[in-house]
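Q:
Number of protein chains: 2
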Amino acid sequence: MNSSQQNQQIVLAEHPSGVPTLDTFNIEDIAMPTMQADDEVDKVIIKSLYVSVDPGMRGFMDKGHDDAAGNKFQLNQPITSRSVAQVIDSQDAKFKAGDIVHGRFAWQRYQSVSSKDIEKVDATLAPISTAVSMLGVPGLAAYFGLLEVGDIEAGETVVVSGAAGSVGSIASQIAKIKGCKVIGIAGSDQKIAYLKNELGVDKAINYKTTDDMAAAIQEACPQGVDVFFDNVGGETFDAVLVNLNRHGRIAVCGQIAEYNQEQPPIGPRPMHTLIKKSARMQGFVVFDYSEDFAEAKKQIAQWYNDGKIRYKEHLIEGFDQLPAAFIGLFSGENIGKLMVKVAEAD
Amino acid sequence: MNSSQQNQQIVLAEHPSGVPTLDTFNIEDIAMPTMQADDEVDKVIIKSLYVSVDPGMRGFMDKGHDDAAGNKFQLNQPITSRSVAQVIDSQDAKFKAGDIVHGRFAWQRYQSVSSKDIEKVDATLAPISTAVSMLGVPGLAAYFGLLEVGDIEAGETVVVSGAAGSVGSIASQIAKIKGCKVIGIAGSDQKIAYLKNELGVDKAINYKTTDDMAAAIQEACPQGVDVFFDNVGGETFDAVLVNLNRHGRIAVCGQIAEYNQEQPPIGPRPMHTLIKKSARMQGFVVFDYSEDFAEAKKQIAQWYNDGKIRYKEHLIEGFDQLPAAFIGLFSGENIGKLMVKVAEAD
């Protein structure tokens with residue numbers, strides 16, 4: 001370990017109202033981690049390399065008690081997110097200095113973690129950063145959301161919202177691989193071009209320049225919508241719902257439209273439509289399918305290496321850019337997975 | 347056929363706004379049906395005996411074009427609903443005078459129907475009126491909604507709204523038979539007593555006298571709610587949703603709270619909660635499961651004959667009472683299946 005390096009962390013300075021600002025976070029100098037003896041667990045010291053910022057983290061920043069999973073960020077405690085790191089030192093023989101690992105780590109340049117909380121990255125599958133993008137939660141959410149929750153079949157029409165984002169871009173391509181007609185919804189001309197030209201969707205709709213989304217979806221989906229993979233929620237959801245076919249399925253993956261709202265958003269109740277269409281709407285988190293992660297990663301990597309899946313990372317450089325990167329998620333600028341490169345692997 | 351009998355029909359006089367009134371309907375004298383030759387189909391002349399009135403019919407009274415299934419009632423044309431009738435005359439050898447049949451028939455005392463549109467009632471299973479109640483759409487909705495959509499398991503906590511109604515009363519009892527803890531929600535003290543004393547639910551909550559439904563459900567369901575069988579929608583839905591367990595399921599069967607609203611109702615969007623709980627919300631109509639009707643009817647009849655299911659019919663006498671009976675559905679007075687007895691079987 002290069003002990004001349006100053007260690008730093010980023011903590012939650014205050015619970016944000018609405019969209020977080022730089023004041024939500026505080027960056028602090030801290031001591032380098034040391035390898036302390038612990039009877040219970042083997043420790044590993046790691047250096048952060050790639051840190052993921054995800055819309056779903058917004059919910060963990062609120063005050064509140066509905067947190068059986070222990071996900072809420074505490075004031076003056078470091079933010080955590082999925083990250084790729086490198087092992088500096090290890091008490092566990094399964095890990096050695098230089099190994100690339102991933103897990104949910106603190107926003108710290110260096111930290112000490114339990115060896116139970118890290119997993120090795122298989123660098124033969126794809127670039128190591130993909131362990132928190134294409135082969136991490138976003139890619140797995142796309143995979144299980146479409147194949148298990150959405151239960152897509154060849155020939156069906158699939159609509160993906162947030163289609164240029166980290167999850168949506170993979171979902172759009174998996175639906176194409178499976179023989180579906182794919183309509184992507186996104187919010188800029190640049191994203192629409194990316195969807196059409198690089199991801200190969202059948203149609204792409206810019207919701208920011210479309211007055212009547214329900215009519216636009218109807219026009220793009222003359223056979224109706226069989227599966228809706230929803231990363232967005234809000235009025236986009238409403239516009240797709242009216243076009244849903246009988247026995248349609250909605251995989252509810254994310255709801256970025258509402259994460260920064262102070263009150264639970266209100267909108268048209270979907271229940272009556274679900275009855276009329278014998279339709280299913282199902283929320284999920286990837287960890288519902290953790291037993292099948294290895295197989296899914298192998299499949300996604302295979303598609304990637306066969307050139308059937310393209311993947312774009314939107315990399316921002318520098319540990320101190322983490323707050324700005326997170327805030328930027330909600331302005332809808334990123335194409336592909338937004339993450340921060342903190343350091344090079346040694 | 348007793349041709350001295352005056353035939354009558356009830357037609358849709360106007361599209362109602364909000365709750366239908368007597369002006370919504372018109373009762374008319376019409377000629378008795380005659381057995382006309384038809385190359386295409388065999389005709390059967392039937393006499394109506396028991397006519398079902400169902401909340402879901404309200405949607406068919408609106409103007410509108412979203413009616414792929416051809417369910418909408420037309421102005422000055424007879425209302426139709428599930429009915430039990432007796433065969434008077436038949437061109438099809440499979441039916442003979444005196445047979446009891448059921449189907450979706452016009453609100454007419456006597457009518458001519460295609461023999462393809464009628465089905466014999468097996469009077470050995472249960473009283474013939476149950477062909478449109480316990481062994482008809484309401485009972486089948488309870489059966490498939492709980493077992494297929496809700497996928498209940500022994501030991502789970504099941505909440506049923508509209509629990510004293512035609513569907514809810516059967517659903518509550520099937521959930522008990524399957525070893526679940528059952529909480530019934532209804533809107534009068536008389537219904538609460540019925541649920542507790544006759545149907546044997548574990549707890550019953552009167553939503554009309556309960557200020558904080560979410561708290562009342564939490565208290566009644568200390569282990570949370572695994573399955574919600576929803577006949578009602580609206581604020582009752584919201585109160586149950588916050589108590590739903592991880593991997594909870596909502597079988598969306600009816601939404602009587604909204605059938606008379608002019609505009610699609612708005613309410614808190616449920617999507618974020620579905621994600622946090624990996625929960626599923628699924629609409630259905632019984633005809634999704636028509637291949638399994640025979641087996642389901644046999645099972646329900648078996649439970650009934652074993653004394654495991656009690657069934658209450660709220661019978662109103664007289665063909666001319668059909669409009670008032672239908673309107674009465676929305677005042678929430680009926681316990682059990684509301685239907686109109688038009689005539690005795692010969």
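From first to last, the protein sequence lines stand for chains Z and S.
For the first sequence, our numbering gives the first residue as 1, with consecutive numbering after it.
For the second sequence, our numbering gives the first residue as 347, with consecutive numbering after it.
By construction, the Cβ of each residue, glycine as well, lies at the ideal position given by its N, Cα and C atoms.
Source: prediction; values computed, not measured.
1. Have a look at I310 of chain S and G485 of chain S and give me their C-alpha separation to the nearest angstrom.
2. Does H272 of chain Z get closer than 8 Å to chain S when you measure Cβ to Cβ?
3. Is the CB of F284 of chain Z under 8 Å away from at least one CB in chain S?
4. Can you pull the DSSP bridge partners for V357 of chain S?
5. Taking 8 Å as the cut-off, decide whether the C-beta atoms of A251 of chain Z and Q282 of chain Z are in contact.
6. Looking at chain Z, is there any beta carbon in it that lies within less than 8 Å of the beta carbon of V598 of chain S?
7. For L421 of chain S, does the count of other Cβ atoms within 10 angstroms reach 16, so buried, or fall short, so exposed?
8. Is it right to say P379 of chain S is buried, meaning 16 or more other beta carbons lie within 10 angstroms of its own, or is it exposed?
9. Indicate whether at least one CB of chain S lies closer than 8 Å to the CB of Q360 of chain Z.
10. Just the C-alpha distance for K298 of chain Z and V201 of chain Z, rounded to the nearest angstrom, thanks.
11. Comparing alpha-carbon positions, which option in S:K524, S:D497, S:A500, S:A488 lies nearest S507 of chain S?
12. Should P669 of chain S be labelled buried (16 or more other beta-carbon atoms within 10 Å of its own) or exposed?
13. Anything in chain Z within Cβ reach of D634 of chain S, meaning under 7 Å, just list it in chain order.
14. Could you check what DSSP says for M134 of chain Z in three-state terms: helix, strand or coil?
15. Can you confirm whether G150 of chain Z, when its beta carbon is compared against all beta carbons of chain S, has any partner nearer than 8 Å?
16. V121 of chain Z lies in the beta strand (DSSP E); which residues open and close that run?
17. Counting only Cβ-Cβ distances shorter than 7 Å, please list the residues of the segment 153-169 of chain Z near chain S, keeping chain order.
18. In the DSSP output, which residue or residues are listed as bridge partners for Y349 of chain Z?
19. Given that F441 of chain S touches chain Z, what residues does it touch there, using C-beta distances under 7 Å?
20. Could you tell me which residues DSSP pairs with G682 of chain S in its beta bridges?
21. Answer with yes or no whether the minimum CB distance from M627 of chain S to chain Z is below 8 Å.
22. What does the alpha-carbon distance come out to for the pair G233 of chain Z and I205 of chain Z?
23. If H361 of chain S sits next to M403 of chain S, beta carbons under 8 Å apart, how far is it from one beta carbon to the other, in whole angstroms?
24. Ignoring anything shorter than 4 residues, give me the alpha helix (DSSP H) runs that lie fully in the segment 165-247 of chain Z, in order along the chain.
25. In the segment 606-690 of chain S, which residue ranges form an unbroken alpha helix (DSSP H) of at least 4 residues, counting only runs that do not cross its ends?
26. Starting from the C-beta of Q437 of chain S, find all residues in its chain whose C-beta is less than 6 Å away, skip the five residues before and the five after it, and write them out in chain order.
27. Could you give the DSSP three-state label for A337 of chain S: helix, strand or coil?
28. Measuring straight from C-alpha to C-alpha, what distance separates A163 of chain Z and Y289 of chain Z?
29. What are the boundary residues of the beta strand (DSSP E) that includes S475 of chain S?
30. For K418 of chain S, which three-state DSSP category applies?
31. Would you verify that the beta carbon of H15 of chain Z is, or is not, closer than 8 Å to some beta carbon of chain S?
32. Return the chain-ordered list of same chain residues with a C-beta closer than 6 Å to the C-beta of V340 of chain Z, the five sequence neighbours on each side being excluded.
33. Under 8 Å by Cβ, that's how I've got R310 of chain Z and L199 of chain Z pegged, so tell me the actual separation to the nearest angstrom.
34. Sorted by chain position, which residues of the same chain lie with C-beta nearer than 8 Å to T582 of chain S's C-beta, five sequence neighbours on each side aside?
35. Spatial neighbours of Y540 of chain S within its chain, please: C-beta separation below 6 Å, excluding the five flanking residues on both sides.
36. Check whether the Cβ atoms of S394 of chain S and S429 of chain S sit closer than 8 Å, and answer yes or no.
A: So, to answer that:
1. Given a span of 347 to 692 for chain S in the structure shown, any question on residue 310 of chain S remains unanswerable.
2. yes
3. yes
4. S:N372, S:P424
5. yes
6. yes
7. exposed
8. buried
9. The structure shown does not extend to residue 360 of chain Z, since chain Z is modelled only from 1 through 346, so no value can be given for it.
10. 23 Å
11. S:A488
12. buried
13. S278
14. coil
15. no
16. It is not in any beta strand (DSSP E) - V121 of chain Z carries neither H nor E in the DSSP assignment.
17. none
18. No answer is possible for residue 349 of chain Z: it lies beyond the span of chain Z, which begins at 1 and ends at 346.
19. Those do not exist, as F441 of chain S stays about 31 Å from chain Z at its closest Cβ, beyond 7 Å.
20. S:G511
21. yes
22. 16 Å
23. H361 of chain S to M403 of chain S, Cβ: 13 Å. No contact.
24. 166-177, 189-193, 213-220, 234-241
25. 617-622, 639-651, 668-674
26. D388, K389
27. Coverage of chain S is limited to positions 347 through 692, which leaves residue 337 of chain S absent and any answer about it impossible.
28. 22 Å
29. Run containing S475 of chain S: none; DSSP gives neither H nor E here.
30. coil
31. no
32. V51, I316, Q321, L322, A325
33. 7 Å
34. S507, I531, Y553, M559, D576, A603
35. A510, I681
36. yes
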